[in-house]
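Enquirer: Residue numbers (our numbering), protein chains in the order written: chain A, 187 to 573; chain B, 187 to 573.
Quick one: the structure is below, questions incoming.
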């Protein structure tokens, strides 16, 4: 096990009706807040009214930034920072998917930077200093942004999608009510489940055999996704399914699975190229890539990890040969995604070979410290097989 | 899944050599500290010198409270509070087992209470107000006190052993170096492993079928204990074993496994009576009771949980009958404890029937909200079978 620092101070209120805790918690951080959200879904499900009622009850004044898109843009961050600076905003409340929360985190990190080069803050050229407190109210189980330190922001001009990280960006409070996810469509439920599973798999496939507990925790999250992703896909208002998926999503990425067993991520780097260039659904891009990524890396030296995965997660017969277990585990993964009607080829989501070279070149820069280090040709081969 | 609040803000530095982070972290909370520890073991392993060097480097002045016994006494708490009050101590640093850390937490909670009835604070008669910051440096994998909110204190006069809990008592920082546990004796390693497993089992056996993720996380911790408890028992300086046990011990009890799936504890209530009256090793008392507790509760209505336990933790053949799986799981548990030479009967640790009535009466007060509620006669029956 590697040395590590673990510090996840987010205070989580979990369960139906917990939104009642919002006002009291926000008030601890300020009386002037920015509320960040996406389209109108938080209004449809009543969450918007719940939030505003909390603000009124605790005499919290608020401004709004709505219309944050999936794969949130730097332009939204710029709009939010402008509001925060002009109105001396003290805290940022985000309600919605990972996009709204990531956008809020980046606004919180940029407001007090003293710089107008906000994309420079995303790329790391401009340092993050003081971060405004962030309070997160997720409405989909997917990104896990409510308990982690990073935010993924897209720049449509430069076709870049980058995920900076800073401890200050970790939400101080997260209010997680599974009933707010009942209206997530089957398609987005499936994509969110694939996103969570990707967060786990990219960390789980590491070379640190001594991080046993971390691997077993990872399997716990994977088994939860497998059981409840499909169930929530079929039964959108199944509370048990939504609750387990939601809590699994937070733990997939808050550090528990990675600390002590860290390596670099793979699929996210490859997928971020796809959604930066084609603006596809992030979780669908991951579902397409994961089986090919697993197949591409498999070899005699690392088959042991696939065997762990196959036996412990998918219940594959341990008496089979190691390679058979590994291949069955990969097929089980692919079949699971298909069972939720996730796309399995890049063609299905409108991607052809024309940008493979540029995307692979960019992705490969971040794939040197992974379970199996991948170069540009590896990435192109994975894209090609996924075509 | 039940509603819950999860908030574990302890900052953990984990791994060999991480003690170097101590001074800088302590300094954030104060420049006058009380160092609490037990016998001389922290001096033998070099930890004492490491701590003092950190204090000197960061110009932290310190007082010491040493000689804290296993099953820490209210008298030690009284001595520590006196030092803190007379010297305007700003933070409490604990180095040692759960006893030293629990004692430090109680000192931290009592110092600013404004009351001289310190036992009243333990019993809850006197409220806890402001709590001094606690920094924990555990030297055994067992109690998990370094990331939790409670402290168990014994009163040898009244034969009481009580575990009050307060969010302020959760350590702000924990420094966990597995090499500090290399000198833990095989006997204490086994007892510590049984303690961790008990923390998990008492929560894992709950009636909330919907808390799936929590149960899988619990199994991850149990599998880690089973693999590495015996290994550390045999190979005291096996870093991988010590590291996994140590990290498992923290997660067994910090809230992750219980939140959303909470019920009352059973074995700890029954064991605290034994060690309050006979001052036995806590983990040994638990190892004796656990198999009998599991056997006593088993019935057709709750066999499903034993089946989960048997298949997922012990790898028992799922084709057997449910009752066979359950019984084999209980036997596997008992055999595992025996393999580490833990005692399996009360007689072995010098306990006879003479205090069964008084102990059972007291324990039963805390066993109403458990997986299977236990009354005085149940507890007596469990003690009797364990004789």
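We put the beta carbon where it would ideally sit given N, CA and C, even for glycine.
Predicted model, so just to flag it, every value in this text is computed and none were measured.
1. Mind checking who residue 250(A) pairs with in its DSSP beta bridge?
2. Per DSSP, what kind of secondary structure is residue 202(B) in: helix, strand or coil?
3. Return helix, strand or coil for residue 190(A), following the three-state DSSP convention.
4. Counting only runs of 3+ residues fully inside the segment 462-531 of chain B, write out the beta strand (DSSP E) ranges in chain order.
5. When you compare only the Cα positions, how much space is there between residue 457(A) and residue 433(A)?
6. Can you name the start and end residues of the alpha helix (DSSP H) that residue 301(A) belongs to?
7. Might you give, ordered along the chain, the residues of its own chain that have their beta carbon closer than 8 Å to the beta carbon of residue 536(A), omitting 5 neighbours on each side?
8. From the DSSP output, read off the bridge partner residues of residue 346(B).
9. Quick check on this structure: which residue in 493(A), 512(A), 445(A), 565(A) has the alpha carbon closest to the alpha carbon of residue 542(A)?
10. Considering only C-alpha positions, which residue in the set 369(A), 410(A), 336(A) is nearest to residue 380(A)?
11. Flag this pair as yes or no: are the beta carbons of residue 398(A) and residue 430(B) separated by less than 8 Å?
12. Between which two residues does the beta strand (DSSP E) containing residue 282(A) stretch?
13. Using beta-carbon positions only, say whether residue 358(B) and residue 215(B) come within less than 8 Å of one another.
14. So which residues of chain B does residue 433(A) contact, with C-beta pairs closer than 8 Å?
15. Report the rounded CA-to-CA distance for residue 350(A) versus residue 252(A), giving the unit in angstroms.
16. Could you pull the start and end residues of the alpha helix (DSSP H) that residue 260(B) belongs to?
17. What is the DSSP secondary structure of residue 450(A), counted as helix, strand or coil?
18. Taking 8 Å as the CB-CB limit, is residue 430(B) close to chain A?
19. Could you give the DSSP three-state label for residue 361(A): helix, strand or coil?
20. Inspect the beta-carbon positions of residue 389(B) and residue 447(B) and report whether they are closer than 8 Å.
21. Taking a Cβ distance cut-off of 7 Å, strictly less, list which residues of the segment 348-365 of chain A are near chain B, in chain order.
22. Using 8 Å as the threshold, is the C-beta distance between residue 318(A) and residue 260(A) below it?
23. Which two residues bound the contiguous beta strand (DSSP E) that contains residue 320(B)?
24. List, in chain order, every chain A residue whose beta-carbon is nearer than 7 Å to that of residue 199(B).
25. On the premise that residue 316(B) lies in contact with residue 436(B), defined as a C-beta separation below 8 Å, what is that separation, rounded to the nearest angstrom?
26. What does DSSP give as the partner residues of residue 197(A) in its beta bridges?
27. Taking Cβ-Cβ distances shorter than 7 Å, what residues in chain E pair up with residue 195(B)?
28. Within 10 angstroms of the Cβ of residue 573(B), are there 16 or more other Cβ atoms? Answer buried if so, exposed if not.
29. Per the DSSP calculation, residue 556(A) is bridged to which residue(s)?
30. Is it buried or exposed, residue 384(A), if we count other Cβ atoms within 10 angstroms and call 16 or more buried?
31. Applying the criterion that 16 or more other CB atoms from any shown protein chain within 10 Å of the CB defines a buried residue, is residue 549(A) buried or exposed?
32. Determine contact between the segment 489-497 of chain A and the segment 270-290 of chain A, defined as no fewer than three beta-carbon pairs at a distance below 8 Å.
33. Roughly how many whole angstroms lie between the Cα atoms of residue 393(A) and residue 234(B)?
34. Could you spell out the range, first to last residue, of the alpha helix (DSSP H) harbouring residue 312(A)?
35. Could you run through the segment 225-240 of chain A and flag, in chain order, every residue whose CB is less than 8 Å away from some CB of chain B?
Expert: If we stick to the structure as given:
1. 221(A)
2. coil
3. strand
4. If we require 3 residues or more, the segment 462-531 of chain B turns out to have no beta strand (DSSP E) run fully inside it.
5. 24 Å
6. From DSSP, residue 301(A) is part of no alpha helix (DSSP H); its letter is neither H nor E.
7. These residues qualify, in order along the chain: 464, 466.
8. 341(B), per the DSSP bridge assignment.
9. 565(A)
10. 410(A)
11. yes
12. 277-282
13. Contact annotation: residue 358(B) and residue 215(B) have beta-carbon atoms nearer than 8 Å.
14. Within chain B, the residues 187, 399, 446 have their CB atoms less than 8 Å from the CB of residue 433(A), given in chain order.
15. 22 Å
16. 260-273 is the extent of the alpha helix (DSSP H) around residue 260(B).
17. strand
18. yes
19. strand
20. yes
21. none
22. no
23. Segment 320-324, the beta strand (DSSP E) holding residue 320(B).
24. 191
25. Their Cβ separation, rounded to whole angstroms, is 25 Å, which puts residue 436(B) and residue 316(B) out of contact at 8 Å.
26. 359(A)
27. Chain labels in this structure do not include chain E; the protein chains are A and B.
28. exposed
29. 450(A)
30. With 16 or more other Cβ atoms from the protein chains shown falling within 10 Å of its own Cβ, residue 384(A) counts as buried.
31. Buried: at least 16 other Cβ atoms inside 10 Å.
32. no
33. 35 Å
34. No alpha helix (DSSP H) contains residue 312(A), which DSSP labels as neither H nor E.
35. none
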